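J.:
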Amino acid sequence: MINELTKIMPDIHFMPGERFAWSPAERKITYTESQIEADGRWALLHETGHALLGHLSYKSDIELLKMEVAAWEKAKELAKRLGLEISEEHIQTCLDSYRDWLHQRSSCPACGTNTLQNDLSSTYGCFNCHARWQVSPSRFCRSYRTRKAETEFIML
Ligand SMILES: [Zn+2]
Ligand SMILES: [Zn+2]
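Residues in the sequence shown are numbered consecutively from 80, following my numbering.
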């Protein structure tokens, strides 16, 4: 499969690594070899989706979620080209884990009210109790395997 993807995208480097990830700066996709046979294939197609769409950076958590959805759409097209099919359930599970994570980040640590990110610097403000906080920067492809409670809150 790596060979086939390299044919489709000769300018992208596919390399074994610790997790599935797309790094725009190096134009490199890493994958974990142990999972390449199972749903790792889907993860790999998903990363290739980011690469094909030229995803570089995002300005907010919501934009990141949109890019995740788009990368899965692209992954489905790619899968078709390669005669594969990605389970819709798998995609929804991945996106749900993103939504949960975004919900966690945007919930006020002081009173629990859900808020919207209000600027481009990962700062949130609660319109209920007026607490302000920052979260650790978001990144592409937080899969449900690695997602667990990584959010760090810094009260401002
Ligand atoms: Zn609050
Ligand atoms: Zn992704």
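For every residue, glycine included, the Cβ atom is placed at its ideal position computed from N, Cα and C. Please read these numbers as outputs of a predicted model, since none were measured by experiment.
CA-CA distance, leucine 118 and leucine 163?
T.: In the sequence shown, residue 118 corresponds to position 39, counting from 1. In the sequence shown, residue 163 corresponds to position 84, counting from 1. The question names leucine, but residue 118 is aspartate in the sequence shown. Their backbone Cα atoms lie some 12 Å apart in a straight line.
J.: Does DSSP put lysine 107 in a helix, a strand or coil?
T.: Within the sequence shown, the letter at position 28 stands for residue 107. Reduced to three states, the DSSP call for lysine 107 is strand.
J.: Counting only runs that start and end within the region 95-167, where is the beta strand (DSSP E) found for 3 or more residues in a row?
T.: 100-102, 107-110
J.: So the alpha helix (DSSP H) threonine 85 belongs to, where does it begin and stop?
T.: As a working note, residue 85 is residue 6 in the sequence shown. Looking at the DSSP string, the run of the alpha helix (DSSP H) that includes threonine 85 is 81-87.
J.: On a CA-only basis, which of Cys190, Ile141, Leu124, Asp140 is nearest histidine 169? Give me that one, please.
T.: Within the sequence shown, residue 169 is the residue found at index 90, counting from 1. Minimum Cα distance to histidine 169 is reached at Leu124.
J.: What number of angstroms, rounded off, separates the C-alpha of lysine 138 from the C-alpha of histidine 129?
T.: Translated into positions along the sequence shown, residue 138 becomes position 59. Translated into positions along the sequence shown, residue 129 becomes position 50. Approximately 16 Å between the Cα atoms of the pair.
J.: In whole angstroms, give me the CA-to-CA distance for leucine 157 and cysteine 208.
T.: As a position in the sequence shown, residue 157 is number 78, starting the count at 1. As a position in the sequence shown, residue 208 is number 129, starting the count at 1. Distance between the alpha carbons of leucine 157 and cysteine 208 is about 47 Å.
J.: What is the DSSP secondary structure of serine 186, reduced to helix, strand or coil?
T.: Mapped onto the sequence shown, residue 186 falls at position 107. Serine 186 falls in the strand class under three-state DSSP.
J.: Using 6 Å as the cut-off, classify the Cβ of asparagine 207 as near or not near the heavy atoms of ligand 1, replying yes or no.
T.: Position 128 of the sequence shown, counting from 1, holds the residue named residue 207. Asparagine 207: yes, Cβ under 6 Å from ligand 1.
J.: Would you please state the rounded distance, in angstroms, between the beta carbons of histidine 134 and alanine 150? I believe it to be under 8 Å.
T.: Numbered from its first residue, the sequence shown carries residue 134 at position 55. Numbered from its first residue, the sequence shown carries residue 150 at position 71. The pair is a contact, with the Cβ atoms about 7 Å apart (cut-off 8 Å).
J.: Any chance the CB of glutamate 83 is under 6 Å from a heavy atom of ligand 2?
T.: Locating residue 83 in the sequence shown gives position 4, where the first residue counts as 1. Answer for glutamate 83: no, Cβ out of range of ligand 2.
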